[in-house]
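J.: Can you keep this structure in mind? I'll have questions shortly.
Chains as they are written, first to last, in the UniProt record's numbering: chain U, 1 to 197; chain E, 1 to 177.
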C-alpha cells in the first residue's frame with residue numbers, strides 16, 4: 001500500500017511535469033524536499049534528546065506506570081491487547097496530553113517511545129500490530145485543546161478574537177478522534193474476518 | 001480562555017518539575033538516566049531520515065509538477081453543491097498530505113479573506129483540528145522501522161474527511177456564514 005502510493009506520487013508527478021512543462025520546478029522540488037526532510041530530522045534531535053531523557057527518569061522512578069494506571073479504565077477499551085500497567089500506556093497517555101495542548105515538540109518523542117514499546121509487545125516484527133494502528137490513527141486525528149500555531153497566525157492578521165476558533169477546533173477534533181476509533185475498530189473486525197491479525 | 005493560555009504556558013515546566021522531584025524522591029540517578037534516555041533520541045532521529053526523505057521528495061514532486069492542482073480542480077465541482085466555499089477545498093485536500101503546504105495555504109486564506117471571515121474561521125478550524133496524517137504515519141512507523149502501514153492510512157484519511165465535514169458544520173453553526 002505505501003509502496004504503491006509512493007511510486008504513484010512520484011510517477012504521476014513526473015508524468016505531469018512532462019506534460020505541463022514544469023520539469024524545472026520538479027527538479028528543484030526533489031532536492032528541496034530531500035533537504036527539508038533532513039532539516040526536520042536533524043531539528044528533531046534536540047527535542048528527542050531532551051524529552052526522551054526526561055521520560056527515562058519518569059520511567060525509572062515509576063511515574064510513567066502511575067500514569068498508565070490512571071489511564072487503565074479507558075485504555076482497556078481502546079488498547080485491549082496491551083497489558084494493564086504496561087509502560088506503553090504511560091507513553092500513550094503522555095503523548096495524547098502533549099498533543100491536546102498543542103505541544104507537538106513534546107508529543108512526537110513520546111509517541112515514538114510508545115510505538116517502540118508496542119513493537120516490543122508485538123515481538124519485534126516489522127508488521128504493525130492492532131494497537132499500533134489504533135495509536136497512530138488516534139494521533140492523526142488528535143484531540144486539540146489549543147491550536148497554538150493557528151492562533152498566532154490569526155493574531156498576526158489582527159483578528160478581533162484570535163482564540164474564538166478554540167471551541168470549533170476542539171469539537172471538530174474530538175468528533176474526528178471518536179470517528180477514527182470507530183473506523184479503526186471496523187477495519188480491525190474486517191481484518192479478523194479475513195483471517196488476518 | 002485565560003485558563004487555557006495559562007495552562008499551555010505552565011504545563012511543561014510543571015511536568016519537568018514533577019518528573020525531577022519524583023525521580024529524586026525515588027532515588028533515581030536522574031542525570032545519568034537523562035543522558036541514557038537522550039542517547040536513544042539521537043538514534044531515532046537519524047533512523048528517521050530515509051523515511052522522511054522518501055516521503056517528502058514524493059510529495060514535493062507531486063505538488064511542484066502541477067499534478068496536485070489538477071486533481072484538486074477535478075474534485076472541486078463535486079464538493080461545491082454542499083455549500084462549501086471552493087476556496088477552502090484545496091486546503092482540505094492538502095491538509096493530510098503536507099503540513100507546511102497547508103500552513104502556507106491557511107496563512108494565505110486568512111491574509112486574503114481576513115481571520116474573522118467565514119473562510120478565515122473555517123480554514124483555522126481545519127488546520128487546527130487534525131494532524132498531517134501522512135507525516136504522522138511516516139514518522140511513527142519509520143522511527144520504529146515498520147514498513148507496512150496496514151489499515152492506518154485508510155483510517156487516518158477517513159478521519160480527516162470526517163474532521164473536515166464536522167469543521168464546516170460546526171463553524172457554520174457557531175458563527176454563521
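All C-beta atoms in this analysis are idealised placements derived from N, C-alpha and C, irrespective of residue type, glycine included.
(1) Kindly indicate if chain E contains any beta-carbon less than 8 Å away from that of residue 147 (chain U).
(2) Is the CB of residue 91 (chain U) under 8 Å away from at least one CB in chain E?
(3) Cα separation between residue 60 (chain U) and residue 50 (chain U)?
(4) Does residue 25 (chain U) come out as helix, strand or coil in the three-state DSSP assignment?
(5) Suppose only complete runs of 4+ residues qualify. What are the alpha helix (DSSP H) ranges in the UniProt domain "Nucleoside transporter/FeoB GTPase Gate" (46-146) of chain E, listed by chain order?
(6) Are there three or more Cβ pairs, one per stretch, closer than 8 Å when the stretch 139-148 of chain U is compared with the stretch 101-108 of chain E?
(7) Under a CB-based cut-off of 8 Å, is residue 195 (chain U) close to chain E?
(8) I want to verify the contact list: residues of chain E whose CB lies under 7 Å from the CB of residue 201 (chain U), in sequence order.
(9) Of all the options U:85, U:84, U:106, U:78, which has the alpha carbon lying nearest to the alpha carbon of residue 94 (chain U)?
(10) Considering Cα atoms alone, identify which of U:64, U:184, U:121, U:163 is closest to residue 138 (chain U).
(11) At the 8 Å Cβ level, is residue 85 (chain U) part of the contact set with chain E, yes or no?
(12) When the distance is taken between beta carbons, is residue 97 (chain U) closer than 8 Å to residue 128 (chain E)?
(13) Would you say residue 154 (chain E) faces chain U, with C-beta separation under 8 Å as the test?
(14) Hey, residue 28 (chain E) and residue 53 (chain U): beta-carbon distance below 8 Å or not?
(15) Within a Cβ cutoff of 8 Å, which residues of the same chain sit near residue 198 (chain U), ignoring the five residues on either side of it in sequence?
(16) Below 7 Å on C-beta distance, what does residue 110 (chain E) contact in chain U?
(17) Is the shortest distance between the beta-carbon of residue 176 (chain E) and the beta-carbons of chain C less than 8 Å?
T.: On the basis of the data shown:
(1) If you number the first chain from 1, residue 147 (chain U) lands on position 147. Chain E contact via Cβ: present.
(2) Numbered from 1 along the first chain, position 91 holds the residue referred to as residue 91 (chain U). Output row for residue 91 (chain U): interface = no.
(3) Taking the first chain and counting its residues from 1, the one referred to as residue 60 (chain U) is at position 60. Taking the first chain and counting its residues from 1, the one referred to as residue 50 (chain U) is at position 50. Answer to the nearest angstrom: the Cα atoms are 16 Å apart.
(4) Counted from its first residue, the first chain places residue 25 (chain U) at position 25. In the structure shown, residue 25 (chain U) falls within a helical segment according to DSSP collapsed to helix, strand and coil.
(5) 67-79, 89-94, 99-113, 118-129, 133-143, all fully within the UniProt domain "Nucleoside transporter/FeoB GTPase Gate" (46-146) of chain E.
(6) Fewer than three beta-carbon pairs drawn from the stretch 139-148 of chain U and the stretch 101-108 of chain E are found closer than 8 Å, and the two stretches are therefore not classed as touching.
(7) Looking up residue 195 (chain U) in the first chain gives position 195. By this cut-off, residue 195 (chain U) is not an interface position.
(8) In the structure as shown, chain U begins at 1 and stops at 197. Residue 201 (chain U) is therefore absent and cannot be evaluated.
(9) Within the first chain, residue 94 (chain U) is the residue found at index 94, counting from 1. Each of U:85, U:84, U:106, U:78 was checked against the Cα of residue 94 (chain U), and the nearest Cα belongs to U:106.
(10) Numbered from its first residue, the first chain carries residue 138 (chain U) at position 138. For the residues U:64, U:184, U:121, U:163, the minimum Cα distance to residue 138 (chain U) belongs to U:184.
(11) Stepping through the first chain from its first residue, residue 85 (chain U) is reached at position 85. Answer no: the Cβ-Cβ gap between residue 85 (chain U) and chain E never drops below 8 Å.
(12) Stepping through the second chain from its first residue, residue 128 (chain E) is reached at position 128. Stepping through the first chain from its first residue, residue 97 (chain U) is reached at position 97. Cβ distance not < 8 Å, so residue 128 (chain E) and residue 97 (chain U) don't count as in contact.
(13) Within the second chain, numbered from 1, the residue matching residue 154 (chain E) stands at position 154. Against chain U, the CB of residue 154 (chain E) has a partner CB under 8 Å away; the residue lies at that interface.
(14) Counted from its first residue, the second chain places residue 28 (chain E) at position 28. Counted from its first residue, the first chain places residue 53 (chain U) at position 53. Cβ atoms of residue 28 (chain E) and residue 53 (chain U): not closer than 8 Å.
(15) Since the first residue of chain U shown is 1 and the last is 197, residue 198 (chain U) is not available in this structure.
(16) For the purposes of this step, residue 110 (chain E) is identified with residue 110 of the second chain, where counting begins at 1. Here the neighbours are 153, 154, 157.
(17) This model lacks chain C altogether, as its protein chains are U and E.
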